[in-house]
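Participant: Residue numbers (the numbering used here): 104 to 938.
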């Protein structure tokens, strides 16, 4: 760029702003003739700070400032050898540029050699940041040189170009070592220069070409994060959402610098679409540049591109664009090359990468790939040292990021996409099957386990199970996948994340039905599990036929008295019990009890469980003598089989306490509830959610007894335990909130009661559904609450909602339906009388 061009640009900017040379000179504190000399091309500002001050006084935009700076570069930097034009679409990354500027300032370089490196995944934008830095801060250096450092050939070619630029005598020397030595000598004897080493692959090669001493600054870009003493290093992550969106809109030429001409609604739509594109591409600049170039060239919308990407991501990720020459490789080529290099260095590391292609990209647990000799769980490697060596290879190419504090690592989602797309169908099936096997071996079984200690390892693996299962074809018949899905579903069920659990149960059932047929016992058992979840959700119409089908299949296969039949029988009994159909529930539960007694013996713990369930049916029917007898027998069996201080004793004690409370025998109820709390505390610990259940029962007792301070203290303690041990929106939390709301209502603390009722309703609607009986219970009690306050309209609306839910879920004759109908009618009558 010529000297005159700077003057022309300055004059154009000044006149467009309607500022005279005299006024501009006064603002800058320079002689009036100075402005004229600059515009005539006699000489230029002697520092970058003066150029920046010019821009400030002229109120130039960022783009105009860049034009002015670029026009002055070749004169203000006597030695400029950068092979790329400045990227007109460069956006964001200000934090990294500021950091580099601080680290590589010339005053630092004069005192101490400066060497800094940007490392990161291929396509992450390392070269573009280095290029922007060179243009933005060129005025601060006596020379700016660029070395293509990927290979020895490209490095020597760059060195030769520098020698030619400096007009060194050795520039044409046949002996390349003499030419290199001459460049090194120049770097040693001159100061305040910037030398950019771009795309360093071999650190040994870099060390060979570094001068022994220097008074300038090195900026290195590399995929390798391990640079030792060569340089300070900074990892470059994907672009932040906002800057990535801005880049997409600029690069696709949807928004110019002045976007005020576009309707606000149109800009908002583009921003939403750009946000979706950034998320799909994981903020990878190379991928965003390719996508935006395609949008610009084809004239399609961002939404169109995203639609194309669903079916043609292979072609789109491998398409650079007509004018995309600054980066030599596409996304596909970049990651394919990296995978090839990994495979050459360490084939086992390449295997690890292929496995990770089918996992969730974040927080991949390291233990998944390491054999567990204590539990005979074979994996990819025998010990963590071998895993370390694989990760070393992958980190060399910045393909993974390791989080040592959590013993996990991550990779970019587009690395996964490229790896997946380059596999043929047999390869895909092989790697998916290996991933399923590793996950199944590692995922704990919570169905037969009491306590919360398995929750953390389950949660750690859960995202990977969901992602890997989603990638499996619909026609899959892999029984190991079904087993894995069942374990994950059981965990989600335990944590009351019912919608996720339901989806996994359904997927597992479909696999088993395809593999084994509709009449297989394993299919029937799985139907029982799915039906149990529907029952918990209050979806009795869906639960009932599944339980019935399971009973029929298992009876046909094993006979009507087989132990396998007992589980769906009890499930069906509970469906009828919860709908208030006690006459149907009772014989089914009695039959299940008889099967367990015959198959397990009359003193087995499973018999105690069946007795408790039968006792619950008697309890709801008001058959308190039968209830007490059954509960007492269950307690006796448990005391004999597991001992009087076992945690299972606590639930039996709690049942009896609730029975005596219902009968108004508060002193006797207190004895059992207190003992239940003590046993639970001693066996489960002070923070166990099952203890919170016992505390809630004792609080209910004290509330009904009128011992409000004690009740409130227990409710608060139960809430605290549940909030810490379970999800913040767990249905168990709603139970204690509901009890506390009733307590506040009875004490006349209506403000707190209303807030507690609202939170209870929110949890139950979100977790259990709007048609669940417990949701109806909250609505019913809220209706009573508003009736007390004289808010008949609110009360009537809530009572009607509760009635409709109970009609659908419990039926017309259920006692709770009857009381709801009565309340709704009373409120309607009162409202009619008031009008």
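Note that beta-carbon positions come from the ideal geometry of N, C-alpha and C, so glycine has one too.
(1) Cα separation between residue 115 and residue 128?
(2) Name the two residues that bound the continuous alpha helix (DSSP H) containing residue 539.
(3) What separation, rounded to the nearest whole angstrom, lies between the Cα atoms of residue 440 and residue 668?
(4) When you compare only the Cα positions, how much space is there between residue 531 and residue 544?
(5) Give the C-beta separation of residue 804 and residue 782 to the nearest angstrom, bearing in mind that I take them to be a contact with Cβ-Cβ under 8 Å.
(6) Quick check: what's the CA-CA separation for residue 893 versus residue 767?
(7) Count the C-beta pairs between the segment 739 to 752 and the segment 706 to 717 that are closer than 8 Å, then say yes if the count reaches three, no if not.
(8) Quick one: Cα of residue 351 to Cα of residue 798, how far?
(9) Mind checking whether residue 355 and residue 381 have CB atoms under 9 Å apart?
(10) Which residues bound the alpha helix (DSSP H) around residue 319?
(11) Quick check on residue 813: does DSSP put it in helix, strand or coil?
(12) For residue 220 and residue 484, I'd like the C-alpha separation in whole angstroms.
(13) Considering only residues of the same chain and omitting the five flanking positions on each side of residue 661, which have a CB-CB separation below 8 Å?
(14) Where do the ends of the alpha helix (DSSP H) carrying residue 143 lie?
(15) Within the same chain, show all residues whose beta-carbon is closer than 8 Å to that of residue 615, passing over the 5 residues directly before and after it, in chain order.
(16) Taking residue 228 as the reference, which of 813, 245, 432 and 475 has the closest Cα?
(17) Which parts of the segment 355 to 424 are runs of the alpha helix (DSSP H), unbroken and 4 residues or longer, counting only runs that do not cross its ends?
(18) So for residue 655, helix, strand or coil by DSSP?
(19) Could you work out which residue in 559, 517 and 564 is closest to residue 540 when comparing CA atoms only?
(20) Tell me, to the nearest whole angstrom, how far the beta carbon of residue 490 is from that of residue 518; I am working on the premise that it is less than 8 Å.
(21) In whole angstroms, what separates the C-alpha of residue 928 from that of residue 920?
(22) Taking the Cβ atom as the reference point for each residue, do residue 320 and residue 339 lie within a distance shorter than 9 Å?
(23) Once you ignore the five residues that flank residue 761 on each side, which residues in its own chain have a CB closer than 7 Å to its CB?
(24) Just to confirm the assignment, what range does the beta strand (DSSP E) spanning residue 241 have?
(25) For residue 457, count the other beta carbons within 10 Å of its own beta carbon; 16 or more makes it buried, fewer makes it exposed. Which is it?
(26) Could you give the residue range of the alpha helix (DSSP H) that holds residue 436?
(27) Once the 5 residues before and after residue 358 are set aside, which same chain residues still bring their CB inside 6 Å of it?
(28) For residue 298, report the span of its beta strand (DSSP E) as first-last.
(29) Put residue 260 into one of helix, strand or coil per three-state DSSP.
(30) Pop quiz: residue 306 and residue 233 are said to be a contact at Cβ under 8 Å. What is the actual Cβ separation, rounded to whole angstroms?
(31) So the beta strand (DSSP E) residue 337 belongs to, where does it begin and stop?
(32) Going by DSSP, what residue range makes up the alpha helix (DSSP H) through residue 808?
(33) Evaluate residue 728 with the Cβ neighbour count: other Cβ atoms within 10 Å of its Cβ, from every protein chain shown; 16 or more gives buried, anything less gives exposed.
(34) Below 8 Å on the Cβ atoms is my contact criterion, and I expect residue 460 with residue 536 to pass it. Report the Cβ-Cβ distance as a whole number of Å.
(35) Taking all protein chains shown into account, do 16 or more other C-beta atoms lie within 10 angstroms of the C-beta of residue 494, making it buried, or fewer, making it exposed?
(36) Out of 243, 231 and 312, point me to the one whose CA is closest to residue 263's CA.
Facilitator: With the given structure in hand:
(1) 16 Å
(2) 528 to 545
(3) 57 Å
(4) 20 Å
(5) Between residue 782 and residue 804 the Cβ distance is about 17 Å, and since that is not below 8 Å, they are no contact.
(6) 30 Å
(7) yes
(8) 56 Å
(9) no
(10) Taken as a continuous stretch (DSSP letters only), residue 319 belongs to no alpha helix (DSSP H), being part of the beta strand (DSSP E) at 318 to 325.
(11) helix
(12) 33 Å
(13) 624, 667 and 668
(14) 135 to 143
(15) 582, 585, 623, 625, 626 and 629
(16) 432
(17) 367 to 383, 388 to 401 and 405 to 420
(18) helix
(19) 564
(20) Contact doesn't hold; Cβ gap of about 19 Å is too wide.
(21) 12 Å
(22) no
(23) 800
(24) Here residue 241 belongs to no beta strand (DSSP E), and DSSP marks it neither H nor E.
(25) buried
(26) 434 to 448
(27) 352
(28) 294 to 303
(29) helix
(30) With a Cβ gap of about 17 Å, residue 306 and residue 233 do not count as contacting.
(31) 335 to 338
(32) 792 to 808
(33) exposed
(34) Not really, about 13 Å apart at Cβ, beyond 8 Å.
(35) buried
(36) 312
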